[in-house]
Amino acid sequence: MPKLETYKKQAKLLVRWHRDGNFSIGGRIRQLARYRTLSDREALALKFP
2 MPKLETYKKQ AKLLVRWHRD GNFSIGGRIR QLARYRTLSD REALALKFP
């Protein structure tokens, strides 16, 4: 089982990719049910809390 630190590092990487406008993150965001209908551009326009 991965350690909590591994998940924290993954989360930081995903946030960095989103902030940098990396389109590969759009597919990961769309895996969440509430964001399923978004395009990559719309997913990148979302604000992280």
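Residue numbers (my numbering): 2 to 50. From the three backbone atoms N, C-alpha and C, an ideal C-beta is built for every residue, glycine too. Only a predicted model underlies this, so the values are computations on that prediction, with no experimental measurement involved.
Whose C-beta lies closer than 8 Å to the C-beta of Ser1 among residues of the same chain, with five residues either side of it excluded? As shown, the chain starts at 2 and ends at 50. That puts residue 1 outside it, with no answer to give.
Start-to-end residues for the alpha helix (DSSP H) that takes in Gly28: Here residue 28 corresponds to residue number 27 of the sequence shown, with the count starting at 1. Counting along the chain, the alpha helix (DSSP H) containing Gly28 begins and ends at Ser25 to Ile30.
Buried or exposed, going by whether 16 or more other CB atoms sit within 10 Å of the CB of Gly27? As a working mapping, residue 27 is identified with position 26 in the sequence shown. Counting Cβ neighbours within 10 Å, Gly27 comes out buried, since at least 16 surround it.
On the premise that Arg37 lies in contact with Arg31, defined as a C-beta separation below 8 Å, what is that separation, rounded to the nearest angstrom? For this step, residue 31 is matched to residue 30 along the sequence shown. For this step, residue 37 is matched to residue 36 along the sequence shown. Their Cβ separation, rounded to whole angstroms, is 6 Å, which keeps Arg31 and Arg37 in contact under 8 Å.
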